[in-house]
Structures are given as C-alpha cells and as structure tokens.
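Visitor: Next up is a structure, given as structure tokens.
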Amino acid sequence: MSTNEPEPHSPDHGDEDAEAAKERLRAFNVREQDSAWRAVAYLLTGPLIYGGIGALLDHWLGTSWLVGVGIVGGMALSIYYIWFRYGTH
32 MSTNEPEPHS PDHGDEDAEA AKERLRAFNV REQDSAWRAV AYLLTGPLIY
82 GGIGALLDHW LGTSWLVGVG IVGGMALSIY YIWFRYGTH
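For the sequence shown, my numbering assigns the number 120 to the last residue and increments by one with no breaks.
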C-alpha cells in the first residue's frame, strides 16, 4: 500500500450515520409538509364541492339556502376527515 492511498474508513462510520440521519429527517419533513398541504386542500375542496352541489340544487329547486348548507356541511366534513386521517396517529 502506498502512502498516497487513503486509509479505509474508520469503523465508527460517523459521517455515514450523520448523512443517514439527515436523509431520514429530510424525508420526514417532506412527508409532514405533504400532509399539511393535503389538509389545506381538503379544507378548500370540501366547501367548494358541497357548496357547488348546494348551488346546483338551489337553482334546480328554486331555493336560496342550500348553498349555505353545502358550504357549512362541506367544511364540517373536511374538518372531520382531517381529524380522522391525521389526528389519530
């Protein structure tokens, strides 16, 4: 073995462990960020979809109160779904 060759890595593998820990932390942060954005999407789409259904029913039935019921109901279902999906782990 010549003196210019690097020595084999030490058995403690400190650098590799630190890199692996950083990668695990990064993957965890990405998952948590994805969960947060998914929750925001649920909060937006629930009232939009159910409010839209309520607006269509209002137009079809000639009423004016179903859009409000759809928006409130959509928000309630969105919050319940978020609680059920993310609040129980």
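Backbone N, C-alpha and C fix where the C-beta goes; we use that ideal spot for every residue, glycine too.
1. Where Y73 and V98 are concerned, what is the direct C-alpha to C-alpha distance, given to the nearest angstrom?
2. Short check: CB of A70 to CB of I113, under 7 Å?
3. Counting pairs of Cβ atoms below 8 Å between the region 100-109 and the region 72-92, do you hit three or more?
4. Assuming G105 is part of the alpha helix (DSSP H), what are its boundary residues?
5. How big is the Cα-Cα spacing for R116 and S66?
Guide: Walking through what the data contain:
1. 18 Å
2. yes
3. yes
4. 97-117
5. 10 Å
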